[in-house]
Amino acid sequence: MRWVILNRIIRVDPGTADAAAAAPAQEQEQRAPAAGAPAAQGQHAAAAADFILRPILPPPRITVLSAGRAAHPDPENYDRYPYIIAAGSHGLLAHFSVHPFHGTQFTDYGLHESNLVVVRDFRDAGGGSGTAVAERVQRRSGRIPILSSIANVSFATDDRGGYQIAELQADRGRDLATVIYFRTTRLDGWYGKRMACPPEARDRERRPHGTVHADGNLWWFDLTWGILSCGMALADDGLWEAEYAVNLEEIWDDDSYKTTGLTRSVPLLVVVSLADPHLVYFALEERIFGVNVPQHRVVHGAAYEPLDMPWDETGPISGRYLAAWYLPPVPRPQR
Numbered sequence: 001m002r003w004v005i006l007n008r009i010i011r012v013d014p015g016t017a018d019a020a021a022a023a024p025a026q027e028q029e030q031r032a033p034a035a036g037a038p039a040a041q042g043q044h045a046a047a048a049a050d051f052i053l054r055p056i057l058p059p060p061r062i063t064v065l066s067a068g069r070a071a072h073p074d075p076e077n078y079d080r081y082p083y084i085i086a087a088g089s090h091g092l093l094a095h096f097s098v099h100p101f102h103g104t105q106f107t108d109y110g111l112h113e114s115n116l117v118v119v120r121d122f123r124d125a126g127g128g129s130g131t132a133v134a135e136r137v138q139r140r141s142g143r144i145p146i147l148s149s150i151a152n153v154s155f156a157t158d159d160r161g162g163y164q165i166a167e168l169q170a171d172r173g174r175d176l177a178t179v180i181y182f183r184t185t186r187l188d189g190w191y192g193k194r195m196a197c198p199p200e201a202r203d204r205e206r207r208p209h210g211t212v213h214a215d216g217n218l219w220w221f222d223l224t225w226g227i228l229s230c231g232m233a234l235a236d237d238g239l240w241e242a243e244y245a246v247n248l249e250e251i252w253d254d255d256s257y258k259t260t261g262l263t264r265s266v267p268l269l270v271v272v273s274l275a276d277p278h279l280v281y282f283a284l285e286e287r288i289f290g291v292n293v294p295q296h297r298v299v300h301g302a303a304y305e306p307l308d309m310p311w312d313e314t315g316p317i318s319g320r321y322l323a324a325w326y327l328p329p330v331p332r333p334q335r
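Residues 1 to 335, numbered by full-length UniProt numbering, are exactly what the sequence shown covers, in order.
Now the structure itself:
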């Protein structure tokens with residue numbers, strides 16, 4: 001399976017979106033499958049209007065996902081900076097807001113409108129590109145708390161097209177945390193489950209650094225403290241594991257690092273290779289480079305173009321804005 005380093009900030013072309021806003025009726029006519037057309041062809045037509053993955057590039061280069069007008073929950077006030085929260089084996093989970101807010105805002109607390117969108121049903125469009133369909137996730141209602149931080153949201157998919165979304169909400173000083181979750185196998189919306197917090201974590205302010213779904217478990221990372229995990233069935237108690245440190249001196253001293261011309265500065269972690277867990281990618285001085293950690297050896301590297309962000313940001317990029325993702329198996333375009 002091929003994997004890519006994916007730009008978490010979804011690219012939006014304002015000119016295209018504005019032009020589409022002038023003729024929504026025409027677009028809807030184009031998106032609708034012709035009478036008697038096969039369902040697969042109709043889905044493919046919708047996918048082309050929602051998302052485009054182009055170009056698909058091998059690591060350490062960056063692959064970009066673009067959103068069309070139809071992908072936005074409010075096309076008339078479209079989000080200029082939607083954000084990919086998590087990558088699953090059969091899709092992506094994206095966060096869309098409404099102008100003037102944007103999906104890259106990590107905290108919500110009811111200050112702006114948040115919309116979760118699943119990017120799914122990928123198709124090979126040829127020429128090193130692909131298309132996908134937008135599926136809007138049901139909004140939370142009733143006593144279920146609103147989205148508080150997209151850094152605490154996990155996403156898992158299965159081979160049958162189903163998925164699960166789960167958010168951890170843990171407030172300082174409280175004995176219990178809450179996991180808010182949504183499953184496609186349940187048709188009655190969002191649920192909340194209470195989970196005991198470890199005593200050592202109750203008096204700490206959590207600083208979320210992302211989530212991972214692996215081996216049937218959900219893992220929430222706080223690199224200042226540890227990792228909280230629970231089973232996908234959301235029936236297990238929380239478990240904290242200690243963090244670990246990596247000595248960069250041995251990497252800096254290796255001849256392969258010296259030949260890069262990079263300074264002996266602490267880089268930022270970008271992603272871990274999905275094909276080789278020993279290969280870790282870092283960013284420093286506008287370059288991404290892969291290091292075989294056990295061998296302390298730089299394997300390859302490349303310069304990257306500045307990411308499209310809603311603010312001026314200097315310095316290297318990090319895993320907050322990039323994600324490792326296995327490209328899902330996709331049908332070839334019909335001829």
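For every residue, glycine included, the Cβ atom is placed at its ideal position computed from N, Cα and C.
In the DSSP assignment, find the alpha helix (DSSP H) that holds residue i and state where it starts and stops.
i, result
"residue 256", "255-258"
Go to residue i, then tell me how far its beta strand (DSSP E) extends in each direction, as first and last residue.
i, result
"residue 190", "Residue 190 -> no beta strand (DSSP E), and no H or E assigned at all."
"residue 288", "287-292"
"residue 251", "That residue, residue 251, is in no beta strand (DSSP E); its alpha helix (DSSP H) goes 249-252."
"residue 336", "Past the edges of the chain, shown from 1 to 335, lies residue 336, and the structure says nothing about it."
"residue 183", "176-183"
"residue 268", "268-272"
"residue 5", "3-7"
"residue 327", "Premise fails: residue 327 is in no beta strand (DSSP E) and is neither H nor E."
"residue 280", "279-284"
"residue 217", "217-222"
"residue 153", "153-157"
"residue 83", "83-88"
"residue 209", "Counting along the chain, residue 209 falls outside any beta strand (DSSP E), and DSSP gives it neither H nor E."
"residue 92", "91-96"
I need the straight-line Cα distance from residue i to residue j, nearest angstrom please.
i, j, result
"residue 281", "residue 9", "18 Å"
"residue 96", "residue 104", "8 Å"
"residue 250", "residue 289", "16 Å"
"residue 248", "residue 210", "23 Å"
"residue 287", "residue 304", "6 Å"
"residue 204", "residue 66", "38 Å"
"residue 283", "residue 188", "43 Å"
"residue 219", "residue 274", "17 Å"
"residue 156", "residue 299", "30 Å"
"residue 166", "residue 277", "25 Å"
"residue 257", "residue 5", "21 Å"
"residue 2", "residue 56", "10 Å"
"residue 153", "residue 262", "35 Å"
"residue 293", "residue 164", "33 Å"
"residue 75", "residue 121", "21 Å"
"residue 126", "residue 147", "37 Å"
"residue 179", "residue 144", "10 Å"
"residue 93", "residue 133", "12 Å"
"residue 242", "residue 227", "Bear in mind that the predicted position of residue 242 carries a pLDDT of just 39, short of 50, making it unreliable; the figure below should be weighed with that in mind. Approximately 7 Å between the Cα atoms of the pair."
"residue 216", "residue 130", "29 Å"
"residue 87", "residue 271", "12 Å"
So who's on the other strand from residue i, going by DSSP bridges?
i, result
"residue 123", "131"
"residue 72", "Answer by DSSP bridge pairing: none, since residue 72 is not bridged."
"residue 169", "178"
"residue 67", "51"
Find the nearest neighbour of residue i within the set the options, judged by alpha-carbon distance.
i, options, result
"residue 291", "326, 255, 322 and 308", "255"
"residue 141", "158, 149 and 115", "115"
"residue 80", "101, 152, 164 and 221", "101"
"residue 310", "82, 130 and 1", "82"
"residue 186", "221, 53, 137 and 126", "137"
"residue 195", "54, 212 and 170", "170"
"residue 206", "221, 143, 163 and 212", "221"
"residue 213", "77, 285, 85 and 11", "85"
If we cut at 8 Å on Cβ distances, does residue i have a partner in chain C?
i, result
"residue 157", "In the structure shown, chain C does not exist; there is a single protein chain."
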